[in-house]
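Student: Okay, handing you the structure first.
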Amino acid sequence: MARRCCRATTRKRKATLSADRIALTGLRARGRHGVLPAERELGQEFVVDATLFLDTAPAAAGDDLTKTVHYGELAQALVAVVEGEPVDLIETLAQRLADVCLASELVQAAEVSVHKPAAPIPLPFDDVVVTILRRRV
């Protein structure tokens, strides 16, 4: 009986993500994102959480900032996106923020959450959050 080639040999193996992470949580910035005219005109506060997956061992071994991600610079870049060109959907905003996180070649993947606590919902609620995970291709 002839054996067929198993699927595992024909699929590309996905690289395992580093267990190391840098997390920036609760970053606040004012933006004008949303589909309603009032959201574009008045703007509102957005809160961003970003977790970067990368190997921090080289940076730790040499106490070398150039071998990791400078989270202060990352925070500034993320705020610039939130404060920048408006989009209708926070899904789009989350993607733009993930693109910023993945700009460093050191980052294997990024998980980004965009909170919109003042979303125009006429019912009591605590928060609206979109979370995405993007990996380097």
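Mapping of the sequence shown onto the working numbering: residues 116 to 252, in sequence order. Quick reminder that beta carbons are idealized off the backbone N, C-alpha and C, glycines included.
#1: Under 8 Å: do the region 227-240 and the region 178-188 share three or more Cβ pairs, one atom per stretch?
#2: What number of angstroms, rounded off, separates the C-alpha of Leu-180 from the C-alpha of Ser-219?
#3: For the candidate residues Ala-172, Pro-232, Gly-146, whose alpha-carbon lies nearest to that of Leu-157?
#4: Would you mind giving the Cβ-Cβ distance between Leu-169 and Val-222, rounded to the nearest angstrom? I have them listed as a contact below 8 Å.
#5: Is the CB-CB distance between Ala-225 and Thr-166 below 8 Å?
Tutor: Reading from the atomic positions:
#1: no
#2: 13 Å
#3: Gly-146
#4: 5 Å
#5: yes
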